[in-house]
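> Pasting a structure here, questions to come.
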């Protein structure tokens, strides 16, 4: 058994007489000929009888559909829950994605019970891993700021049994990994959910140090405002200078012994974005506490890399600022000198994320990593182009494809985007090296091209790089779905860990 943050996992053979759980969850496929059970831990007669009445019970097998039934002696549980798996997938990777989603959906919807047995037909350690990951993501509740109403929130499931023929010893590593990923997602969600009254650059930096305290092979460094100014971080210092809560830059480096490769990741950490002098409309500010999701993701990816003891060095850079209007705020047409030495004319102070990220990319490049990623809630154009559940990745072709492949395996949606060269000229400034906005058409792509200007070289060759824009998937304004709660989602943790593991 593996334990972490009030959640435990174990695997159990398909012997329901020995099962001890509050709820037994069975998977149901949808199909043209009607719904069908995905696995059969029940005896043949009972399974046949249950399958015959699925349609009469209103069961379709669609995603997120959960139907509760009274348990019976053979089930080993007081309640049976039927969770939809959608249509049956022939592709193994797609099947694992469906298992992960269904397990997370079931565990999320069954909050309030202590123990759940998931009998979804796991036949391999890889399928056990997918189910465990989904369950870990689904077991979440955030009551950190509830003073009088915490008891009204149903407690998440604390014990998950996965019904499988896989041997416990073989599954142990998969269960441990799932719990580490679940904890990273949990921490990310809580950071994203924290309001700007409580989370600002100084407190974010403090929480970052606390998060990695005691982790093996992890070192940290924090730059305060005065140090940022002195060391030429004009983007971060400039964006944050108008706020009374001054900016920070946090370096979190996991460097295991004998690591042969280094992955550097830069995260945008705007703890609240008013737009600055280029003030946002009131309705556009209501989700801006989440504008630091990139930095929260990077922090927890580095922590998870250490906890997983990955053989790759992972260096994270959290670019933290609060974008506020004030007497000392940057103005349109101001010119900033960046860490890289570039000068940037600020044409819109609400295009601030790329300014702080530019400094982070420059610093990360100084370490000459083997590959460089950045992740940010960078543009509203990302949501317009791809919606709220699909993130964008652009950059060097090979790195971009590696991110897409990692996301596919992790069950997260990333879509490869181009960076047409003809758009780059819109970033030209009449007075500086660059301006911080360009063409409004293809705004997401232009933002990526701006960031590319700050990617450095290793051995005289540009460092392989990709830019991840997850403005939509990082924060869920709609109702919960699958293993995803409302508000902070923890999206991209799994993708980035898969990317790093593949890079080993």
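Residue numbers (this note's numbering): 248 to 751.
Cβ atoms here follow ideal geometry from the backbone N, Cα and C, with glycine treated the same way.
Leaving out five residues before and five after residue 552 in sequence, what residues of the same chain have Cβ atoms less than 8 Å from its Cβ?
501, 559, 561, 744 and 747, listed in sequence order.
> For residue 393, count the other beta carbons within 10 Å of its own beta carbon; 16 or more makes it buried, fewer makes it exposed. Which is it?
Residue 393 comes out exposed.
> Which first and last residues belong to the alpha helix (DSSP H) in which residue 404 is found?
Careful: residue 404 lies outside any alpha helix (DSSP H) and carries neither H nor E.
> From this set, 363, 367 and 540, which residue's C-alpha is nearest residue 403's C-alpha?
Residue 403 has its Cα closest to that of 363, out of 363, 367 and 540.
> Pick out the complete alpha helix (DSSP H) segments inside the region 457 to 496, 4 residues or longer, and give them in chain order.
List check, alpha helix (DSSP H) in window: 472 to 477 and 481 to 487.
> Give the secondary structure of residue 535 by DSSP, where H, G and I count as helix, E and B as strand, and everything else as coil.
Looking at residue 535 - three-state DSSP - the assignment turns out to be helix.
> Using the C-alpha atoms, what's the distance from residue 509 back to residue 588?
So the two alpha carbons sit approximately 24 Å from each other.
> So is residue 672 buried or exposed if we call it buried at 16+ other beta carbons inside 10 Å?
Exposed, by the Cβ-count rule.
> In angstroms, rounded to a whole number, what distance separates the CA positions of residue 399 and residue 356?
Taking the straight line from one Cα to the other gives about 15 Å.
> Helix or strand or just coil, what does DSSP make of residue 624?
Three-state DSSP puts residue 624 in coil, outside helix and strand.
> Are at least three pairs of beta-carbons, each pair with one atom in the region 288 to 301 and one in the region 332 to 350, less than 8 Å apart?
Touching, no.
> Could you say which of 607, 301 and 473 lies nearest to residue 515 if we only look at CA atoms?
When only C-alpha atoms are compared, the closest one is 607.
> Could you compute how far the alpha carbon of residue 641 sits from the alpha carbon of residue 658?
Answer to the nearest angstrom: the Cα atoms are 19 Å apart.
> Could you tell me which residues DSSP puts in a beta bridge with residue 743?
In the DSSP output, where bridge partners are listed per residue, residue 743 has none listed.
> How many whole angstroms separate the CB atoms of residue 353 and residue 330, which I take to be in contact at a CB cut-off of 8 Å?
Confirmed, Cβ separation roughly 4 Å.
> DSSP has residue 641 in a bridge; who is on the other side?
In DSSP, residue 641 forms a bridge with 714.
> Taking 9 Å as the cut-off, decide whether the C-beta atoms of residue 332 and residue 385 are in contact.
No, these two residues do not count as a Cβ contact at 9 Å.
> Using C-beta distances below 7 Å, list every residue in its chain close to residue 604, excluding the 5 sequence neighbours before and after it, in chain order.
Excluding sequence neighbours, residue 604 sits near 513, 515, 566, 621, 623 and 698.
> For the structure I just gave you, are there three or more beta carbon pairs, one from the region 256 to 273 and one from the region 311 to 325, closer than 8 Å?
Yes, the region 256 to 273 is in contact with the region 311 to 325.
> Near residue 625, which residues of its chain fall below 6 Å by C-beta distance, leaving aside the five closest residues on each side in sequence?
600, 694 and 716, listed in sequence order.
> By DSSP's criteria, residue 661 is part of a beta bridge. Which residues make up the other side?
Its beta-bridge partners are 638.
> Identify every residue that forms a DSSP beta bridge with residue 335.
Paired residue(s): none; residue 335 is not in a bridge.
> What is the rounded straight-line gap between the Cα of residue 276 and the Cα of residue 302?
Their Cα atoms are separated by approximately 12 Å.
> Fully enclosed by the region 344 to 404, which beta strand (DSSP E) runs are 3 residues long or longer?
Those beta strand (DSSP E) runs which fall completely within the region 344 to 404 and span 3+ residues are 362 to 369.
> Closer than 6 Å by C-beta to residue 617: which residues in its own chain qualify, once you throw out the five before and the five after it? Chain order, please.
Same-chain partners within the cutoff: 508 and 509.
> Quick one: any contact between the region 534 to 551 and the region 423 to 432, if contact means 3 or more CB pairs under 8 Å?
With the cut-off at 8 Å, the region 534 to 551 and the region 423 to 432 touch.
> Expressed to the nearest angstrom, what Euclidean distance is found between the alpha-carbon atoms of residue 494 and residue 473?
Whole-angstrom Cα-Cα distance: 9 Å.
> Helix, strand or coil: which one does DSSP assign to residue 207?
Outside the shown range of the chain, which is 248 to 751, sits residue 207, and nothing can be said about it.
> Would you mind stating whether residue 614 and residue 511 have Cβ atoms separated by less than 9 Å?
Their beta carbons are under 9 Å apart, which means residue 614 touches residue 511 by this criterion.
> So for residue 427, helix, strand or coil by DSSP?
Three-state DSSP puts residue 427 in a helix.
> Leaving aside the five residues before and after residue 749 along the sequence, list all residues of the same chain whose C-beta is less than 8 Å from its C-beta, in chain order.
If we look at residue 749 and ignore the five residues flanking it on each side, its Cβ neighbours are 649, 652 and 653.
> So, for residue 729: in the same chain, excluding its five sequence neighbours on each side, which residues have a beta-carbon less than 6 Å away from its beta-carbon?
Same-chain partners within the cutoff: 348, 351 and 352.
> Tell me the DSSP secondary structure of residue 586 in three-state form.
Correct three-state label for residue 586: coil.
> Rounded to whole angstroms, what's the CA-CA distance from residue 340 to residue 712? Just pull it up for me.
So the alpha carbons of these two residues sit roughly 26 Å apart.
> Straight-line CA distance for residue 405 to residue 734?
For residue 405 and residue 734, the distance between alpha carbons rounds to 22 Å.
> Measure the alpha-carbon distance for residue 661 versus residue 563 and round it to whole angstroms.
Going from the Cα of residue 661 to the Cα of residue 563 covers about 21 Å.
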